[in-house]
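Start counting the sequence shown at 623; every next residue gets the next number (the working numbering).
Even glycine gets a Cβ: it sits at the ideal position worked out from N, Cα and C.
In this text, all values refer to a predicted model and were calculated from it rather than measured experimentally.
To start, the structure under review is shown below, and the notes come after it.
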Amino acid sequence: MAITCVRCNSDRIAHVDAKCDLCLISILDKERDGYVPDDMGIGGGSVVTLVYCMECGQMMGKFPLPVSEMEKDKVKAEEPLDKGLIENLLKGI
Ligand SMILES: [Zn+2]
Numbered sequence: 623m624a625i626t627c628v629r630c631n632s633d634r635i636a637h638v639d640a641k642c643d644l645c646l647i648s649i650l651d652k653e654r655d656g657y658v659p660d661d662m663g664i665g666g667g668s669v670v671t672l673v674y675c676m677e678c679g680q681m682m683g684k685f686p687l688p689v690s691e692m693e694k695d696k697v698k699a700e701e702p703l704d705k706g707l708i709e710n711l712l713k714g715i
């Protein structure tokens, strides 16, 4: 049974299953190459899996996704070095 687009109801749905030797991926200011991340909705390991609508561009899948490991790295980088100091400053000490 063919699926239809959740946005435009078109049946022009493309399924991509690819084996990937080198996956370059970027999000926010992070960039990484190597294996396909398994927490970004595009497969994982050495496999890329995409399903999208060729009519409107809508990507199919379960979204929103939880924060990925790459994004968590970004959050860590932006955390203040000394949270206690910042909290004391905010208290007026
Ligand atoms: Zn569509």
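>> Please return the same chain residues whose Cβ sits closer than 7 Å to the Cβ of H637, not counting the five positions on each side in sequence.
In response: V673
> Mind checking whether the beta-carbon of G683 lies closer than 8 Å to any heavy atom of ligand 1?
Replying inline: no
> Given a threshold of 16 other Cβ atoms within 10 Å of its Cβ, counted over all protein chains shown, does A699 qualify as buried or as exposed?
Replying inline: In this predicted model, A699 has a pLDDT of only 49, less than 50, meaning its place in the structure is not dependable enough to derive any value.
>> Closer than 5 Å between the C-beta and any heavy atom of ligand 1: which residues qualify, listed along the chain?
In response: C627, R629, C630, S632, C675, E677, C678 and Q680
> G665: buried (16+ other C-beta within 10 angstroms of its C-beta) or exposed?
Replying inline: buried
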